[in-house]
Amino acid sequence: MRTRGYVTMLDPFQYKYGERMCGLLFVPALLGEVFWSAAILSALGATLKVILNMDNTHAVIVSACIALGYTLFGGLYSVAYTDVVQLFCIFIGLWLSIPFAMMNPLVQPIATTALTRVVNGTEQTGWLGTVAPQDAAYYADNFLMLTFGGIPWQVYFQRVLSAKTARNAQLLSYIAAFGCLVMALPSVLIGAVAASTDWESTAYFNLTQSTPFSKDDMKLILPLVLQYLCPPAVAFVGLGVVSAAVMSSADSSILSAASMFARNVMKPIFWQTATDRHVIWSMRAAIVVVGIIACILAIQISTIYGLWFLCSDLVYVVLFPQLISVIYLDWSNTYGSLAGYVTGMFLRISAGEALIFLPALFHYPGFVDGSEFYQRFPVKTFSMLASLASSALVSYMTHRIFTEGKLPPAWDVFQCVVPKEIRSVTIAAAAEDDDGLMLPPMVQSKPEANEPELRSDID
């Protein structure tokens, strides 16, 4: 994609499938970015709540205002440069705090609590956890979703596609993959420390008369460990870098959603005559709107982990198979893309989602009912594969039908298989012949002068 000169992740869809199909594909991309931004703002709000003892709602609002402020006026430059500083802060700060947290006298060795631990005087499963055999497919489904659903993200492509060369883009991706593993380890270790702590003997218990294992307090675990199990100086540094860490993701996500809207939706569909200045201002307006929506979600949904899952859900089910098709299938076209889009979206929405109170229309094998219902059947992967199969099959069939002359070129209403020149000649010939082709309503009028030229493949 870097070699072909794309600017956003949606560019190949716009060039190959057209502006309107690209606008549809923007929806799951936008939802993914909004849910991700909400998760980040929720995490930052939790950190500020611990540091400043603020109300959660106020903490999230303050976090959103800070992220919106420098993203709105700094754009990609502010995001890129602050991210570099923030990444170094995360690496140094979190690894610095881990030895102090582990050596706290109230913390048992995490090796002894991996399988079993004592919570409130009762023995429970250790921090490693267990997976019931009947839930194996459910966990495998989520594993695949988080793996492959993490690819089609504008927040990633805006870095890759802005690299000077394709080689640099590759190196950036490989280094980032290794960096993800390194950056994830401190959070895992801090979670293990929290599960191995006698919280009833901490200042947190004296203050709240509770342990941080309730559903509402679990998102506070990381800042609570830094605040109550580390020396004050280390806690100050650690909480500061956590704030920097989540801020680095919030600004990137908000900017990526806004840039996709301005370049791939607003200008080609709603405002074709917009200048670069108009695009920039529309992007700034989109930054504010996305930030407000993410802020509302962060306040309403208490679980950061659940928001993290939601952000990859539709991206995995809808965008991942679409990205495979547009890049690797030469015969893919708008007909197949639309079929795959509708198939994936319908199957996923009909399976329901308890986190956003969306009821399940279909109960797949192993359905677990209740207020927090879930499908044990790997419905996300099933929906993704069905979307990919629909897209490939319909694209191949329509490609063969039009290229082999089984349908006249004039019936290519999406203008994505038959070249525009051939289609225009066919329409003109049919218009001169009273007994000519029966044209569908969408192509009986003369094409507009500024009608975009769509291609059946990408050069």
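Residue numbers for the sequence shown follow full-length UniProt numbering, so the first one is 1 and each next one is one higher.
Just so it is clear, CB atoms sit at the ideal spot from N, CA and C, and this is done for glycine as well.
Distance check between residue 252 and each of 205, 157 and 319 places 157 closest, using alpha-carbon atoms only. When the beta-carbon positions are compared, residue 97 and residue 279 stay at least 8 Å from each other.
In the structure shown, residue 2 adopts coil according to DSSP, grouped into three states.
For residue 111, there is no enclosing alpha helix (DSSP H), as DSSP marks it with neither H nor E. Distance from the CA atom of residue 33 to the CA atom of residue 50, rounded to whole angstroms, is 26 Å.
Annotation: the continuous alpha helix (DSSP H) that includes residue 170 extends over 166 to 195. Here the region 345 to 356 does not lie against the region 279 to 288, with fewer than 3 beta-carbon pairs under 8 Å apart. Straight across, the Cα-Cα distance linking residue 60 with residue 276 is about 33 Å. A Cβ-Cβ distance of about 25 Å is found for the pair residue 325 and residue 262, leaving them out of contact under the 8 Å criterion. Residue pairing of residue 404 in beta bridges, as defined by DSSP: absent, with no partner found. Taking C-beta atoms under 8 Å as the contact rule, residue 380 and residue 141 qualify, at a distance of about 5 Å. For residue 160, the uninterrupted alpha helix (DSSP H) run begins and ends at 154 to 160, by DSSP. As summarised for the region 211 to 236, the continuous alpha helix (DSSP H) elements at least 4 residues long and confined to that stretch are 221 to 229, given in chain order. Residue 367 sits in a strand when the DSSP states are folded into three classes. Contact between the region 2 to 10 and the region 158 to 178 is established, with three or more Cβ pairs separated by less than 8 Å. Setting aside the 5 residues that flank it on each side, residue 297 is surrounded in the same chain by 38, each with a C-beta closer than 6 Å to its C-beta; the list follows chain order. DSSP, reduced to helix, strand and coil, places residue 10 outside both helices and strands of the structure shown, so it counts as coil. With contacts defined as CB atoms closer than 8 Å, residue 315 and residue 29 qualify as a contacting pair. Distance check between residue 329 and each of 13, 270, 7 and 9 places 13 closest, using alpha-carbon atoms only. Counted as a single uninterrupted DSSP element, the alpha helix (DSSP H) harbouring residue 36 occupies residues 19 to 52. The Cβ atoms of residue 341 and residue 144 lie no closer than 8 Å to each other. Contact between residue 343 and residue 387 is confirmed by a C-beta separation of about 5 Å, below the 8 Å threshold. The C-beta distance from residue 110 to residue 193 rounds to 6 Å, short enough to meet the 8 Å contact threshold. By the neighbour-count criterion, in which 16 or more other beta carbons inside 10 Å mark a residue as buried, residue 210 falls on the exposed side. For the options 62, 10 and 20, the alpha carbon positioned closest to that of residue 250 is the one of 62. Of the candidates 104, 260 and 53, 260 places its Cα closest to the Cα of residue 152.
Of 400, 397, 375 and 395, the smallest CA-CA separation from residue 137 is found for 375.
Sixteen is the threshold: since fewer than 16 other Cβ atoms of the shown chains lie within 10 Å of the Cβ of residue 65, the residue is exposed.
Judged by beta-carbon spacing, residue 291 lies within the 8 Å limit of residue 67, meaning their Cβ atoms are closer than that value. Residue 18 sits close to residue 414, with the two beta carbons spaced by under 8 Å. Within the region 268 to 306, the runs of alpha helix (DSSP H) at least 4 residues long that lie entirely inside it are, in chain order, 276 to 300. In chain order, 93 place their CB closer than 6 Å to the CB of residue 237, counting only its own chain and leaving out the 5 sequence neighbours on each side. Taking all protein chains shown into account, residue 319 has 16 or more neighbouring C-beta atoms within 10 Å of its C-beta and is therefore buried.
DSSP lists 368 as the bridge partner or partners of residue 374. Across the set 7, 27 and 42, the C-alpha of 42 shows the shortest separation from the C-alpha of residue 246. The DSSP-derived three-state label of residue 202 is coil.
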